[in-house]
Structures are given as structure tokens and as C-alpha cells.
Amino acid sequence: MPSAMRRMRTALAVALILGACTVLAQQAPGKWVTNKYAPLPEPGEEYTNVVLNNKLYLIGGNAASLTPGARATHPARNLEYDLAADKWTQRKPTPFFSDHMTASAYNGKIYVFGGTGAMRQEDPNATLDQSWEYDPAADSWKALAPMPSKRTASASIAVGGKIYVIGGTADIPAQGGAAAITAALVVGTNESYDPATNRWEAHRVMPTPRNHPAIGVVGGKIYVIGGRLAANNIGGYTSSNTDVVEEYNPAADTWRAMTKMPTARSGQGWTTLNGRIYIAGGEGRDYHMEAVYRDVEAFDPATNDWDRLPPMPTARHGVNVAAYGNRLHVIGGHSVFAAGGGHALDSAMNEAFEFAGTNRSN
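When you line the sequence shown up against numbering that gives the first Met the number 0, it's residues 0 to 361, in that order.
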């Protein structure tokens with residue numbers, strides 16, 4: 000065999016080996032652990048979650064009946080998980096009773112908006128325009144200026160001194176000025192709350208209206224990822240998942256499309272770590288299946304591309320995701336599609352993906 004041919008084949012073999020190693024490194028940058036961290040003490044579906052100062056707060060949750068035959072009521076839960084100490088603590092209960100709120104952390108406080116529920120447990124559930132501030136240092140709640148529009152299952156994020164509340168579902172009034180509500184439809188509403196002035200401001204609407212999306216901010220820009228189209232509930236055939244990713248620039252008040260998420264889904268959990276937005280779990284339904292997802296995918300706005308992590312050991316939707324040090328926690332959720340099986344199938348799992356190699360400090 001000519002020496003040039005041998006060198007070419009050797010180079011090709013080395014390239015193939017290096018390529019295989021690169022793929023393996025991308026697919027397995029760490030490992031999942033399932034029984035190492037403290038489980039969720041009060042399993043519940045549809046907690047509203049937010050991370051502040053390395054602590055995860057789980058607020059509210061879906062309605063449940065405490066006694067057989069009784070009217071289902073929303074819990075006033077407020078749980079704190081210390082990611083460093085691996086410890087759960089009960090904090091001051093919420094002054095409202097609802098689920099599907101959205102929450103963001105800013106300047107040492109937690110801000111909670113909208114949702115489905117009521118101010119009193121005995122009141123009928125409704126789409127809410129409520130706004131609340133929770134101060135973990137004082138363990139106190141304070142009512143704020145209500146949202147300009149009633150919305151549930153929105154997404155929110157803090158950037159530039161304001162908190163943007165985007166998308167969700169709104170009650171659409173009946174035609175002709177009637178008081179009745181004809182439908183609950185997804186919206187692209189984009190409004191910001193200013194904690195310094197306690198005022199709201201409207202911005203350019205999101206091009207793809209949706210509810211239950213994931214959200215993150217990287218480099219001063221907001222990324223809205225996935226969610227549901229058309230209607231609120233994935234349990235029927237009026238709503239469908241989307242893989243659309245859209246970037247909002249608050250400084251210019253402009254939107255643009257980004258690379259789609261590999262797995263169209265809703266009911267997922269998410270967090271941002273080192274400039275990447277991680278999406279975990281979720282659910283979907285079509286005429287062929289009802290599914291709960293294990294997929295974990297990461298979006299890098301700098302490259303406008305996606306990576307996949309090894310899937311979660313336990314498929315769940317409605318999960319709560321938090322990053323700390325070199326790990327991602329995926330906590331709670333529901334283990335079957337929609338609310339199948341009732342609250343008995345709410346998960347207490349606290350599974351964590353521990354990155355190998357470089358410490359991914361947050």
C-alpha cells in the first residue's frame with residue numbers, strides 16, 4: 000500500500016475515533032442520581048417555582064380535596080428548599096389560593112403574578128390578575144398593583160430592572176358585550192412590571208401566542224421556549240405543543256425566531272445556568288399517544304443551537320428545575336399524562352444531574 004494512502008487511512012481512523020469521543024462527551028457529560036437528595040415533603044402538581052439566593056421556592060399548586068366528596072381547594076403552600084444544605088422548610092403560607100401563577104426573583108424579593116384560583120378558598124376559581132411580592136428575609140407577603148390583564152399559565156423573567164410577564168391564557172369575553180366568557184385562549188401578551196414604581200407597561204406582543212412556555216434570559220435578551228398553542232388544556236384535542244423558540248429584545252422591543260427546540264412539549268421545567276437554558280420533562284398528546292417526557296435539552300443562545308443531556312431517570316411533567324454548583328435538580332411533578340391517577344401519582348422525586356469535569360458554578 001502506498002505510504003500516502005496509509006497516512007490518509009490513519010488520519011481518517013483518528014478523526015473517526017476523535018469524532019466518536021466528542022459525541023460521547025456531548026451525550027454523557029455527567030450522571031443522574033436518584034436517592035441522594037431530600038425528596039419533596041409535600042408532593043403536589045403544578046407548583047409555581049422560583050429560585051432566589053440558592054434556594055428554590057415552591058408556591059401554591061393544584062386544587063385537591065382533603066376529604067372524600069368535599070370540594071377541591073387550592074393549598075396555600077410556600078416551601079423553601081435550600082440547595083446548598085439539602086433541606087426543606089415551611090415558609091409563610093400564601094394569602095391567595097391558586098395554581099398556574101408565574102413567579103420571578105428580583106432584588107432579593109419574589110414576585111408572583113396571575114394564575115387560576117381565588118382570594119378565598121370558598122370562592123369559585125377564576126383567571127386572576129393578582130400580583131404579589133414575597134420577602135423571604137421578612138417571611139412576608141404584600142399585594143401589588145394588579146396586572147392589566149387576567150392571565151394564567153404565563154411565563155415571567157426579570158431583566159433591566161423590570162419583570163416581563165409573557166404569554167399565557169386569557170378569558171375571552173362573549174361577543175356583543177355579554178358578560179359570559181366564551182373561551183380561554185392563548186395570548187401573546189407582553190407586559191412588564193416595575194418594582195420601583197409599582198406600575199405596568201405594555202410591549203410588543205409575542206409573535207407565537209402560547210401558554211405553559213419555558214423562559215430564560217441570557218445577555219439581556221429573553222427567550223420563550225415551547226408551550227401550548229390554541230387552548231389551555233393539553234388533555235383534549237384543541238391544544239397542541241410547539242417547539243417554537245422566540246427571542247425578545249427589551250431594549251429594542253423586538254422579536255425574532257430562533258432554532259426550534261428538538262422536542263415540542265409543554266408542562267416542562269426549566270432553569271438557566273452558565274448562559275444555557277435547560278428544559279426538562281413535560282407532556283404531550285396526539286391521536287396516537289399520551290406521553291410524559293424524560294427529555295432534557297439545553298439551548299445556547301450564543302450559538303443558536305441545542306444539546307441533549309441524558310434523559311431523566313423518571314419521566315414527569317409539571318417539574319421544578321433548579322441549578323446549584325455542578326448540578327441540576329428536577330423535583331416533584333406528576334408521573335402520568337395530565338392529572339391521570341389523581342394526586343396519588345404526584346411525585347416526591349428529587350433527581351439531580353451532576354455534571355462531570357469542570358464545576359459549572361452558578
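Backbone N, C-alpha and C define an ideal beta-carbon position, used for all residues, glycine too.
Distance, Cα to Cα, residue i vs residue j?
| i | j | result |
| --- | --- | --- |
| Gly339 | Phe95 | 26 angstroms |
| Met4 | Ala301 | Its pLDDT being 44, under 50, Met4 is placed unreliably by the model, and nothing is read from it. |
| Asp345 | Ala251 | 42 angstroms |
| Tyr163 | Tyr286 | 35 angstroms |
| Ile156 | Val244 | 15 angstroms |
| Met348 | Thr33 | 8 angstroms |
| Leu127 | Leu184 | 14 angstroms |
| Asp294 | Phe352 | 13 angstroms |
| Ala290 | Leu308 | 19 angstroms |
| Thr21 | Thr93 | Confidence at Thr21 is low in this model, with a pLDDT of 36, below 50, so its placement is unreliable and no value can be given for it. |
| Asp304 | Ala263 | 15 angstroms |
| Glu282 | Met288 | 11 angstroms |
| Val50 | Ser97 | 19 angstroms |
| Gly187 | Lys91 | 33 angstroms |
| Gly341 | Gly159 | 41 angstroms |
| Val216 | Asn273 | 11 angstroms |
| Lys149 | Ala355 | 44 angstroms |
| Thr151 | Ala83 | 32 angstroms |
| Ser238 | Arg284 | 9 angstroms |
| Lys108 | Thr101 | 14 angstroms |
| Asn240 | Ser265 | 6 angstroms |
| Lys259 | Ala297 | 12 angstroms |
| Ala125 | Thr115 | 6 angstroms |
| Tyr105 | Thr271 | 15 angstroms |
| Met311 | Asn210 | 24 angstroms |
| Asn48 | Gly68 | 30 angstroms |
| Pro212 | Leu78 | 23 angstroms |
| Ser191 | Ala201 | 7 angstroms |
| Lys161 | Ser103 | 10 angstroms |
| Ala62 | Ala337 | 14 angstroms |
| Glu246 | Met257 | 7 angstroms |
| Ala154 | Ile214 | 6 angstroms |
| Tyr46 | Ala279 | 15 angstroms |
| Asn189 | Val204 | 5 angstroms |
| Ser130 | Pro172 | 22 angstroms |
| Leu228 | Arg315 | 21 angstroms |
| Gly324 | His99 | 28 angstroms |
| Ile233 | Val111 | 24 angstroms |
| Pro147 | Pro28 | 44 angstroms |
| Asp242 | Asp193 | 30 angstroms |
Starting from residue i, trace the beta strand (DSSP E) in both directions and tell me its first and last residue.
| i | result |
| --- | --- |
| Asp306 | 304 to 308 |
| Gln89 | 86 to 89 |
| Tyr163 | 161 to 165 |
| Gly324 | No beta strand (DSSP E) holds Gly324; DSSP gives it neither H nor E. |
| Ser346 | Premise fails: Ser346 is in no beta strand (DSSP E) and is neither H nor E. |
| Ser153 | It is not in any beta strand (DSSP E) - Ser153 carries neither H nor E in the DSSP assignment. |
| Thr47 | 47 to 51 |
| Val32 | 29 to 32 |
| Asn77 | 77 to 81 |
| Val111 | 108 to 112 |
| Tyr133 | 130 to 134 |
| Thr313 | Per DSSP, Thr313 belongs to no beta strand (DSSP E) and is neither H nor E. |
| Asp138 | First-last for Asp138: undefined, no H or E at that position. |
| Pro172 | 168 to 172 |
| Gly116 | 115 to 117 |
| Asp98 | 96 to 98 |
| Ala37 | Per DSSP, Ala37 belongs to no beta strand (DSSP E) and is neither H nor E. |
| Thr93 | Careful: Thr93 lies outside any beta strand (DSSP E) and carries neither H nor E. |
| Ala104 | 101 to 105 |
| Leu127 | Element bounds for Leu127: n/a, residue is neither H nor E. |
Does the Cβ of residue i have 16 or more other Cβ atoms within 10 Å, making it buried, or fewer, making it exposed?
| i | result |
| --- | --- |
| Pro249 | buried |
| Pro208 | buried |
| Gly219 | exposed |
| Lys30 | exposed |
| Arg255 | exposed |
| Ala343 | exposed |
| Tyr236 | exposed |
| Pro206 | exposed |
| Pro42 | buried |
| Asn231 | buried |
Three or more C-beta pairs below 8 angstroms linking the stretch 190 to 203 and the stretch 222 to 242: no
Any beta strand (DSSP E) of 3 or more consecutive residues that is wholly inside the stretch 243 to 303: Those beta strand (DSSP E) runs which fall completely within the stretch 243 to 303 and span 3+ residues are 244 to 248, 253 to 257, 268 to 272, 275 to 279, 282 to 284, 289 to 291, 295 to 299.
The stretch 135 to 144 / the stretch 165 to 173 touching (three or more Cβ pairs under 8 angstroms): no
Meets three-Cβ-pair contact criterion under 8 angstroms: the stretch 38 to 50 and the stretch 327 to 338: With the cut-off at 8 angstroms, the stretch 38 to 50 and the stretch 327 to 338 touch.
Three CB pairs or more closer than 8 angstroms across the stretch 312 to 324 and the stretch 42 to 58: yes
Segment contact flag, the stretch 76 to 93 with the stretch 141 to 156, C-beta cutoff 8 angstroms, min 3 pairs: Short answer: they don't touch.
Contact between the stretch 113 to 133 and the stretch 66 to 75 (3+ Cβ pairs under 8 angstroms): The stretch 113 to 133, when compared against the stretch 66 to 75, does touch it at the 8 angstroms Cβ threshold.
Whole runs of the beta strand (DSSP E) within the stretch 188 to 248, excluding any shorter than 3 residues: Listed in chain order, the complete beta strand (DSSP E) runs (minimum 3 residues) inside the stretch 188 to 248 are 189 to 193, 198 to 201, 213 to 217, 220 to 224, 244 to 248.
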